[in-house]
Each structure stands twice: as structure tokens, then as C-alpha cells.
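One structure below.
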Amino acid sequence: MKIEKKIFQKFLGEKDLWDTPQRELILDTFLQREGHISAEELYDIVKKRDSSIGQATVYRMLKLLTEAKLAREVDFGDNVKRYEQDYNHPHHDHFVCRGCGKTVEVVNSLIEELQQKIAKQYGFELTDHAMYLYGFCEDCRKKNSKKQ
Ligand SMILES: [Zn+2]
Ligand SMILES: [Zn+2]
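Sequential numbering from 284 applies to the sequence shown in the working numbering.
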């Protein structure tokens with residue numbers, strides 16, 4: 284069994300919740316995908332595999348996965364809540380293209396260290412952070428310059 288499944292079952296047990304075939308299907312589907320997925324997109328995939336799964340179940344499941352630290356929320360500034368895998372997926376920040384919605388994952392140790400340093404100066408101990416850098420990707424900039 285995948286370690287993520289074990290973690291989730293333990294989490295459910297602690298919350299006095301039952302594992303159901305539906306929850307397992309949603310978890311499997313989520314784990315099969317790398318990258319960023321919205322509740323809507325996840326629902327579209329799982330309902331094809333089991334039409335008895337409702338949208339509310341998927342939303343609730345993503346909340347549980349976030350609590351269990353198997354998923355984390357990402358916010359690309361377009362009012363769509365998306366999720367990415369958290370377990371065994373190290374921290375990274377995101378560039379987000381305002382033109383086509385493309386995202387690029389980045390880690391820069393200098394920025395990470397600087398954040399720690401600044402937090403310390405302000406008497407903060409960081410538990411986590413999220414950094415989103417918005418702009419236009421190379422493709423979108425090329426397209427725009429051709430139009431002019
Ligand atoms: Zn773009
Ligand atoms: Zn990401």
C-alpha cells in the first residue's frame with residue numbers, strides 16, 4: 284500500500300471517520316496526478332470512474348487531504364482554489380503567467396534564507412509561507428509583441 288494511503292487511513296481513524304471506496308478513488312486519482320488541480324477538475328475525472336461521487340464529496344475530501352498534509356492549497360490569483368501534493372513534495376514557490384495561466388515552480392535558497400532572516404528580525408518563527416510572482420511568460424510576451 285502506498286504510504287500516502289496509510290497516512291490517510293491513520294488520519295481518518297483519528298477523526299473517527301470511515302474510509303470508503305469513494306474516498307479511496309478520489310485519493311488514488313489525486314495521487315496519480317502531479318501538478319496543480321482544482322476541485323472541479325478532480326471531480327470531472329472521478330465522476331467518470333464512479334458516477335455516484337458527488338461534487339460535495341470531492342470538496343470535502345480535498346479539505347481532509349489538506350488537513351492530513353497530503354495536499355496543500357495553491358492560489359494563482361484567479362479565484363480558483365487549486366491543490367498540489369504535499370507529502371514528499373518539497374516546498375516551492377510559483378511564477379504565474381497572467382496571460383495563459385502557466386505556472387513554473389521555483390526554489391531559491393537565497394530567498395528562502397532571507398525570509399528566515401527577516402522573520403527573525405521581526406520576532407517571527409516561520410512555519411510556512413507561499414510566494415506567488417505574477418507576470419507574463421515568454422510565449423505570451425512574444426505573442427503580444429507580434430500583435431503590435
Ligand atoms: Zn503565458
Ligand atoms: Zn506547485
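No residue lacks a Cβ here, since even glycine has one placed at the ideal position from N, Cα and C.
Each of ASP422, CYS380, LEU353 was checked against the Cα of PRO373, and the nearest Cα belongs to LEU353.
A direct Cα-Cα distance of roughly 13 angstroms separates TYR326 from ASP311. For the 8 angstroms CB-CB criterion, TYR366 and LEU393 do not form a contact.
If you ignore the 5 residues before and after GLN315, its C-beta comes within less than 8 angstroms of no other C-beta in its own chain. Look at ASP358 here: in three-state DSSP terms it is strand. ARG381 is a Cβ neighbour of PHE419, given a cutoff of 8 angstroms. For ligand 2, residues qualifying as neighbours are HIS319, VAL357, GLU367, HIS375, HIS377, GLU388, where qualification means a beta carbon closer than 6 angstroms to at least one of its heavy atoms (chain order).
Counted as a single uninterrupted DSSP element, the beta strand (DSSP E) harbouring GLY418 occupies residues 415 to 418. For the alpha helix (DSSP H) assignment, the uninterrupted runs of no fewer than 4 residues enclosed by the stretch 290 to 345 are, from N- to C-terminal side, 304 to 315, 322 to 332. In the three-state reduction of the DSSP assignment, CYS383 falls in the coil class, being assigned neither a helical nor a strand state.
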